[in-house]
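K.L.:
Going by UniProt numbering, the first residue of the sequence shown is number 1, and it counts up by one from there. The C-beta atom is built at its ideal place from N, Cα and C for all residues, glycine as well.
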Amino acid sequence: MTQAVPFLTVIGAGLTAYMLLLLLRYPHLRRMAWRSMLKQKRSTLLTVVGLAISTSFISMTIFMNTALTAGMKTELEKFYGRIAYDVPSRTQEAADHTYFDLQTVQEIRQNSAGVSLPIMSLPATFMTKNGNGTIGKISPYVNVIGVDSAEAIRFEPFLSSAFGSGLQRNEVLLSSHAAEMLGVKTGDTVYAIDNSNRENLLTVTAVVPEHGLTGYPGIYHGKATAIVDLDTARSLEGVQGTFYTNLLLTEPLLAKWEAVPVRDDFVTERKNAIAFITVIIGIVSLNAILIGIVLITNIFRLIAEERRSEMGILRTVGLRKFDVGRLMMLEGLLCGFCSGIFGVSLGLALAYLLLDRITASFDDVLLMDVKAPLQLDPGVIFSGLGISMLFVYICVKLIARQTIKLSVVEAIRPVQPKLKSDKTESIPRKWMFIICSLFLVFCTALIAVPDIRMRWITDNRLPLIIAMIFLSLPVLVWVFVQLLPLIEKGLLYLFRNLAVPTLIIRLALRNMNIPPLRTGLLLFLFAVVSCFISFSILYSDSMSKYMNDSKPVEFAGGHDLVVRDWRPLDTESVVRHMATSKEYAQIEPFQLSAVQQLFWKEAQGPNGPIDIKINGIDRSFAESNDIPLRARDDRYASDRETWSALADSDEAVIVAENLLKYNSGNTNRVGDTFPIVVGDRTVFKTIIAIAAESGYQSDSYGIWIHNRGLARLAESELDIHSTVFIKLGLHTDHDAIEKISRLLALQNISPVKSIVKSENSFYVSMIFIVNLLQGFNIAALGIGMLGLIVVMYRLVRQRSRSIGMLRTIGIGPKTVVLSLLLEGFFIGSFGLSIGFTVGTAISYLTFNSLFNLEALHYSLPLMRILAYFGAALACSLALSYLPARKALLVPPTEATRTTS
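1. Quick check for students: name the residue ranges of the alpha helix (DSSP H) that lie wholly in the segment 484–508, counting only runs of 4 or more.
2. Do Phe243 and Ala192 come within 7 Å of each other at the CB atom, strictly closer than that value?
3. Could you name the residues of the same chain whose beta carbon sits closer than 7 Å to that of Val105, not counting the 5 residues immediately before and after it, in chain order?
4. Terminal residues of the continuous alpha helix (DSSP H) containing Arg564?
5. For a quick check, are the C-beta atoms of Asp565 and Lys727 less than 7 Å apart?
6. Going by other Cβ atoms of all chains shown within 10 Å of its Cβ, with 16 needed for buried, is Ala400 buried or exposed?
7. Let me know the secondary structure DSSP gives Trp257 once reduced to three states.
8. What's the call for Gln402, buried or exposed, on a 16-neighbour Cβ count within 10 Å?
9. For the alpha helix (DSSP H) that contains Ile740, what are its first and last residues?
10. Would you mind working out which of Trp34, Tyr220, Asn197 and Asn615 sits nearest His706, comparing C-alpha positions?
11. Please list, in chain order, all residues of the same chain as Trp600 whose beta carbon is under 7 Å from its beta carbon, the five residues on each side excluded.
12. What residue range is occupied by the uninterrupted beta strand (DSSP E) comprising Phe126?
13. How many whole angstroms separate the CB atoms of Ala594 and Val683, which I take to be in contact at a CB cut-off of 8 Å?
14. From the DSSP output, in three-state form, read off Tyr793 for me.
15. Could you compute how far the alpha carbon of Gly14 sits from the alpha carbon of Phe79?
16. So, using beta-carbon positions, are Ser819 and Ile504 closer together than 7 Å?
17. Work out the CA separation of Gly831 and Leu517 for me, nearest whole Å.
18. How do the segment 334–343 and the segment 40–59 stand: do at least 3 beta-carbon pairs fall below 8 Å, yes or no?
19. Could you check if Pro883 is buried or exposed, using at least 16 other CB atoms within 10 Å of its CB as the buried criterion?
20. Please identify the residue among Ala33, Thr214 and Glu488 whose C-alpha is closest to the C-alpha of Ala224.
21. For the candidate residues Gly828, Ser638 and Ile277, whose alpha-carbon lies nearest to that of Ile688?
22. Can you grab the Cα-Cα spacing for the pair Ile289 / Ala84, in whole Å?
23. Give every residue of the same chain whose Cβ lies closer than 7 Å to the Cβ of Asn668, excluding the five residues on either side of it in the sequence, and list them in chain order.
24. DSSP state of His721, grouped into three classes?
25. DSSP three-state call for Leu247: helix, strand or coil?
26. What three-state label does DSSP hand Phe439 in the structure shown?
27. Shortest alpha-carbon distance to Lys73 belongs to which of Val207, Met120, Ser161 and Gly212?
28. Determine the closest residue to Asp264 out of Phe342, Gly81, Ala179 and Glu107, with distance taken between C-alpha atoms.
29. Which first and last residues belong to the beta strand (DSSP E) in which Asn143 is found?
30. Flag this pair as yes or no: are the beta carbons of Ala226 and Leu174 separated by less than 7 Å?
31. Determine the burial state of Arg708: buried for a count of at least 16 other Cβ atoms within 10 Å of its Cβ, exposed for fewer.
32. The alpha helix (DSSP H) spanning Arg31 covers which residue range?
33. To which residues of the same chain is Val796 closer than 8 Å at the C-beta, ignoring the five residues directly before and after it?
34. Is DSSP giving Lys223 helix, strand or coil here?
35. What does the Cβ neighbour count give for Lys420, buried or exposed, with the cut at 16 atoms within 10 Å?
36. In its own chain, which residues sit with a C-beta less than 6 Å from the C-beta of Ser900, not counting the 5 before and 5 after it?
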């Protein structure tokens, strides 16, 4: 969207210059335009307000997209700078060891044309202590980067001033964010916890802004950055010798080494998130623009009809037909300019309010804070103004062209309404009616008939089917407009014995039948908004139902919290270290188990590659996990007894059903001997159970053995990592979770993630976005109601002569008012009914395909939909009364007026 800003800026500036040219060059047209707008100041004000709301939505989208894009560029330089690739030692199949030695680093460097920097990187917890030795502030998961000072300055020259003569042992250079979290400054001391849980005292030599290396989060996505010398980093890691964990590059590799494109991955991730937010908000914006186009088209068509004779008289006294077009264009551009100024201001305010909420809601999904500073860019401001004036210009240009084509005689002659089409027009219209009706029948069958739905709707056809059903919205409106005469006949037949209702219905529907285009546009205006409202209602409702029925805790064996760590952790050691703190006794009892894991192999799952792991368990995991067993050895009476037997036996194995599913040809059953092959090592175990399929693939795919067996399979202890599972008590609160996280952080075990929150974060964010969408669509419905009011005001003025005639023949003013109210009621009710029906159908079709709503025993939220329908209809009816009561003021003498 940012690419369109210069183009829209040029359009906005150009149309503004054109408007100023008309104002200055044609003073007589300027006076006539001002007089006309002031004469109809109420409808002019409502028009400007409606267009301003439409403009505010698209301006808000442009402001937010620009701010998010600028924030992405700022963070790209802040977190990565010139770092384009990261070569981690742990994931290299070509490496013989977990770390790179100096020879390996040189070999990799020979295959890269850019600048490189070998580092020792690890996540560590930093903390401060008070004067009495108690722990002050804690900052877990800080990315510690060990560098050689000379190499680091060669990689990032700006570090020369911060390094001075070079970093010494037990000195640390903190990023500004890390220093802020710890509350320290240059010269203070901090403690870093190493991989053996020892506290290492470090002196802060400098606090530097985050840029490139000083802000690099690493492949761990650390929360802040600290730079130390290589010896200190190796001491924290617990390794001796000239070893490195990563090699940072500015250019790609040309050989066998696997490099992570960290910079490109960050850009792709952010662009996808920005595009998603822009699309969601852009749907509302396009909806608002569509409504604005319908609004301005209806209003200026009415103005052209209302002032048709006036234009004819002006033509007879010498005004050129192009001046008539310029007059209409000047009125339109003035409305567009005023609505653009107010709309851009409102859009800026909305963007400011929404940016914080939207970016915060995506933190869990993006795994990193999203910063989006809102800036007043003149180009963005003019682009919003350009959009407002552009669609006003296009709409008015088309209407003005039709007006100036009329001859003077045709313009002065009173308009005779065409109630019936001639035979030449009726034949193609009938064929079109038949084709459209068949199309609507097919769309209905797609939704209502299960056999047709299953045959036609497949994954690759779903977008096409949704687009086709959405296309049924304007088709349904057109068919409905064609059926208005038949609806009128039916209603008149029903009320044939009641004189007053018959007269009111005849007047209301006759007025709707005379200009079918205007009626169709108003119906479409209400239909498209209510369609999006029903979409958002069903979306949030189905998401909520899906979240309520899904049980992420069960997917992870009944555990509530999970932490991953690269070290081989032991449950007893972790708990014993936690128990040394006074906070441990204050926490409600919980169960913790550290499962040691060894990567085994990769399998192709339904959504991409799956890491199959060998899980080494102990008795703690056996007693706390609730992973159900699909089949088990007959010697064991329960699942718990089976897991306990595994924790006591080195010869047994439990195999996940997922493993059997994704390994074709695997026919192993309970009691079979199961070979486990890792590299050149092979062990044989007996299957005592098959675990049920789990949805928590990152932790539960694979096999389970006793943790003592991992050492015989791993080439090195460094190949074994761990996942810590925690099952909370029933009454554990957020404060207790924070204490558990804090105690684990003191062992460098972080970050602690809530399984429920992690699994549901996407759905929660989507519900928030969709509820936001629903609120905007309700505001767009307000634009539609404003449009209805403006049109009704214009209609009362345009029909003043016919209303005067009705009064002359004895029809009371209340009857006329009721006919106008009924006309507004029909437009609102018919349009809302079409929109809610089509929106509900599209939504149910989409979400049933995505979430299998029938399996969830899902029922449509009909009461909620009816509540929105009733509220919208009541508001439209109440607002229709404002222009309708103006008919009370029309005297019978208006029947004698010949010009307006």
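P.N.:
Looking at the atomic coordinates:
1. 484–494
2. no
3. Pro118, Tyr244 and Leu247
4. No alpha helix (DSSP H) contains Arg564, which is instead part of the beta strand (DSSP E) from Leu561 to Asp565.
5. no
6. buried
7. coil
8. exposed
9. His734 to Ala745
10. Asn615
11. Ile612, Lys613, Ile614, Val678 and Gly702
12. Ser116 to Lys129
13. Actually they are not in contact, since the Cβ atoms of Ala594 and Val683 sit about 22 Å apart, beyond 8 Å.
14. helix
15. 40 Å
16. yes
17. 14 Å
18. yes
19. buried
20. Thr214
21. Ser638
22. 41 Å
23. Val655, Leu660, Phe674 and Ile687
24. strand
25. strand
26. helix
27. Gly212
28. Gly81
29. Ile135 to Val147
30. yes
31. exposed
32. Pro27 to Lys39
33. Ile803, Leu820, Pro883, Ala884, Lys886, Ala887 and Val890
34. coil
35. Below a pLDDT of 50, predicted positions are generally treated as unreliable, and Lys420, at 49, falls in that range; no measurement from the model is reported.
36. For Ser900, the predicted model reports a pLDDT of 47, less than 50, meaning its position is unreliable and no value from the coordinates is stated.
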